[in-house]
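Only one structure is covered here, and it is reproduced in the block below.
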Amino acid sequence: MKLLITGTAGFIGFHLVNKLVNEGYDIVGLDNINNYYDINLKYGRLENTGIKKEEIEYNRIIRSTLFSNYKFIRLNLEDDTNISKLFESERFDKVIHLAAQAGVRYSIENPRAYIDCNIVGFLNILEGCRHNNINHLVYASSSSVYGLNEKMPFTVHDNIDHPVSLYAASKKSNELMAHTYSHLYGLPTTGLRFFTVYGPWGRPDMALFKFTKAILENKSIDVYNNGQMERDFTYIDDIVEGISRVIKSAPKGNSNWTGINPDPSSSKAPFKVYNIGNNKPVKLLDFIKYIENTTGKKARKNMLPIQPGDVPKTWADVSALNNDFNYKPKTTIEIGVKNFVNWYSNYYKL
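Count along the sequence shown from 1, then add 468; that gives the number in the numbering used here.
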């Protein structure tokens, strides 16, 4: 089974490669290694999977020195010519598309990056799948698509027509584009709405990384919405376990689906959307306490109002993923935070 996994210098993609190479998949990883955050962390992840920094060149496939079944290529998603050539030459069976321009707040500062990468780039992935008989596309959506929704927990059967950031809008667009290709061309697609993923090798723009760094450096932390935020923090191992289960089984279409009362999460076409989260929202101030307990240091909090594009609370209903794939997140927030802080201390040699 040959996979294309995009975003393998990224947080989730890196962990997914480590899991799936050991399950025997033949994998080609793709990333453009952009500078949205510290590229040294991205190179560090790649080195950890046997991809040597000094060997990386644009549009050149290189082999891992650690895994015989893993190769990597640096490529922009917007590069339709070379994306098309990659699909034609490698003949993938399935695709896991994780690469994207991330970040809610950054989408307000630099909206064009989200159109180029998340919309144009996703179109190129869909076209590659369409023309090369890919039998399952799994792609990253986001909990941010729920936008102004207030009914909790968030369920995939709810309407998501009111995003509050361009990032969220781009992820909803991905779901709509995927359904179109499922309907027109019979391409099986599964979208996964990730809920606040955290853990070792995590992103520096995420709360756990920023808070841990600041607390250990005796600096103040910015706490938005005066601490009245709640997030369904989901540990990275639970995320990659969910993805590894989903990739094995492509959707076949819902014969009971009707356009009179349409279910947004499914279709008569081979299309499906799932939430993938911990199903246990944690208050931000409690989350900070877990970091304080692990580091043994008190946080100096700078209380601020909610930021444009943020939502005050997320909470995933994962019953659909549980019913179809027996998905049950296992990692407690205490263990997850401890694992991250230990990794951070070791990685930065504190």
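Yeah, the Cβ is synthetic: ideal placement off N, Cα and C, and Gly gets one too.
All of these numbers come straight from a predicted model, not from anything done at the bench.
In this structure, residue 782 and residue 663 form a Cβ contact; the two beta carbons are roughly 6 Å apart against a cut-off of 8 Å. By the beta-carbon neighbour count (other beta carbons within 10 angstroms, threshold 16), residue 569 is buried.
Nearest C-alpha to residue 668 among 795, 575, 738, 510: 510. Here residue 572 is near residue 777, since their CB atoms are less than 8 Å apart.
For residue 540, the enclosing beta strand (DSSP E) has its first and last residue at 538 to 542. Taking all protein chains in view, the Cβ of residue 729 is surrounded by fewer than 16 other Cβ atoms within 10 Å, so the residue is classified as exposed. Here residue 671 is buried: its Cβ has 16 or more other Cβ atoms, across all protein chains shown, within 10 Å.
Boundaries of the alpha helix (DSSP H) harbouring residue 650: 634 to 653, taken from the DSSP string.
In this structure, the straight-line span from the alpha carbon of residue 543 to that of residue 526 is close to 6 Å.
Boundaries around residue 676 are those of the alpha helix (DSSP H), 675 to 684, since no beta strand (DSSP E) includes it.
Taking the Cα positions, residue 720 is about 4 Å away from residue 738. Put simply, of 640, 633, 635 the residue whose alpha carbon is nearest the alpha carbon of residue 627 is 640. By the Cβ test, the segment 553 to 567 is in contact with the segment 587 to 602, since at least three Cβ pairs between them sit closer than 8 Å. Per DSSP, the continuous alpha helix (DSSP H) segment holding residue 552 begins and ends at 548 to 558. The beta carbon of residue 529 is closer than 6 Å to those of 539, 541 in its chain, skipping five residues each way along the sequence. The Cβ-Cβ distance between residue 699 and residue 752 falls below 8 Å.
In this structure residue 488 is buried. Its beta-carbon is surrounded by 16 or more other beta-carbon atoms within 10 angstroms. About 7 Å separates the Cβ atoms of residue 784 and residue 611, confirming a contact at the 8 Å cut-off. For residue 764, there is no enclosing beta strand (DSSP E), as DSSP marks it with neither H nor E.
The shortest CA-to-CA distance from residue 501 to any of 495, 476, 624 is the one to 476.
Boundaries of the beta strand (DSSP E) harbouring residue 740: 739 to 744, taken from the DSSP string. The beta carbon of residue 588 is closer than 7 Å to those of 546 in its chain, skipping five residues each way along the sequence. If you ignore the 5 residues before and after residue 703, its C-beta comes within less than 6 Å of the C-beta of 667, 799, 804, all in its own chain and listed in chain order. In this structure, the straight-line span from the alpha carbon of residue 630 to that of residue 499 is close to 30 Å. Assignment of residue 599 by DSSP, reduced to helix, strand and coil, places it in the helix class. Your pair residue 636 and residue 613 checks out as a contact, with CB atoms roughly 5 Å apart and the cut at 8 Å.
When C-alpha distances from residue 560 are compared across 494, 607, 818, 665, the shortest belongs to 494.
Residue pairing from DSSP places residue 662 in a beta bridge opposite 610, 744. In this structure, DSSP gives residue 535 a state outside helix and strand, which the three-state scheme calls coil.
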